[in-house]
Each structure stands twice: as structure tokens, then as C-alpha cells.
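Asks: I'd like to ask you about the structure that follows.
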Amino acid sequence: MMGLKYSSKINKIRTIALGLIFAGMIIMYIGLLFRNIEWLMLVFMVLGVIAIGLSTAIYFWIGLLSTKAVSIVCPECHAQTKMLGRVDACMYCKQPLTMDPDLDGEEFDEKYNSGKYWKEQGKK
Ligand SMILES: [Zn+2]
Numbered sequence: 001m002m003g004l005k006y007s008s009k010i011n012k013i014r015t016i017a018l019g020l021i022f023a024g025m026i027i028m029y030i031g032l033l034f035r036n037i038e039w040l041m042l043v044f045m046v047l048g049v050i051a052i053g054l055s056t057a058i059y060f061w062i063g064l065l066s067t068k069a070v071s072i073v074c075p076e077c078h079a080q081t082k083m084l085g086r087v088d089a090c091m092y093c094k095q096p097l098t099m100d101p102d103l104d105g106e107e108f109d110e111k112y113n114s115g116k117y118w119k120e121q122g123k124k
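Below you can see the structure in the form of C-alpha cells.
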């Protein structure tokens, strides 16, 4: 859980995937600069394809994670955000969202993660 504070996990993974796409394109562009040196161009092209392929895999992974993420209404900015695991941060205001540590090892209580619960609490 450490090191994941103050930044939404999904946002963070998305940033990495986006960065990999750009890295892949830059690597392939560099490869084009070496088109006179065939093997070097090939190395850059393969690296670029690997980076882009990896980011595609990460995007696919985000899709899987999103189905597991729980939609909640951020108690701080009242925006609908998604939370992964017991500790995560709001996607919009970076507010750390922490599940009650007492809930650790307990049956996960869905009501804390549903927007309905917070609406019932009068927090919209
Ligand atoms: Zn928020």
C-alpha cells in the first residue's frame, strides 16, 4: 500500500500506459533516424513495438481492474470516483480514501463504498 498515497491507482497506471505509448513512438522515431544502419533501426523498432504492446496490455489490465474498482462519492469533493482496494486516493482531488483499518480481515462492507451510503448520510 505504501507509495500509492495521494494518487489514484487507476490514474497512476493510466499515466504509465500513456507514457509507454509516447515512449514507444519516440523510440520508433529514433529508429527512423538510423535507417542507414539496418540492425540499429530494427532494434529501435522492436523496442518501440514492445513498449506500445506493453501499454496495450496495461490498458487491458486497467479495464479488468476497473471492473473490480468500487465507485464511490468522494467525501471531500463529492465527485464520483473509483477506489481500488481499501486504500486509494480520489481521482479528482487526490484526497486519500482509507477504509477503516478495523475492517481489515473482516468481510468487506459494501455500504461504505456505495454512493447511496454517502447520500443517505446527507453528503450527496
Ligand atoms: Zn475528491
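Residue numbers (the numbering used here): 1 to 124.
Glycine residues also receive a C-beta, built at the ideal position from the N, C-alpha and C atoms.
Quick caveat: nothing in here was measured; it's all calculated off a predicted structure.
Please list the segments of the alpha helix (DSSP H) lying wholly inside the region 28-55, counting only runs of 4 or more residues, in order along the chain.
Replies: Counting whole runs of 4 or more residues, the region 28-55 contains no alpha helix (DSSP H) stretch at all.
Asks: Run the proximity test for Gln80: is its beta-carbon closer than 6 Å to any non-hydrogen atom belonging to ligand 1?
Replies: No, Cβ of Gln80 sits at least 6 Å from all heavy atoms of ligand 1.
Asks: To the nearest angstrom, report how far apart Tyr59 and Arg14 are at their CA atoms.
Replies: Their Cα atoms are separated by approximately 7 Å.
Asks: Compare the Cα-Cα distances from Gly31 to each of Gly19, Arg86, Trp39, Phe44 and report the closest residue.
Replies: Among Gly19, Arg86, Trp39, Phe44, the Cα nearest to that of Gly31 is on Phe44.
Asks: According to DSSP, what are the bridge partners of Thr67?
Replies: Paired residue(s): none; Thr67 is not in a bridge.
Asks: From which residue to which residue does the beta strand (DSSP E) around Gln80 run?
Replies: Gln80 -> beta strand (DSSP E) spans 80-83.
Asks: For Leu54, which residues in the same chain have their Cβ closer than 6 Å to its Cβ, ignoring the five residues on either side in sequence?
Replies: Result list for Leu54: Leu20, in chain order.
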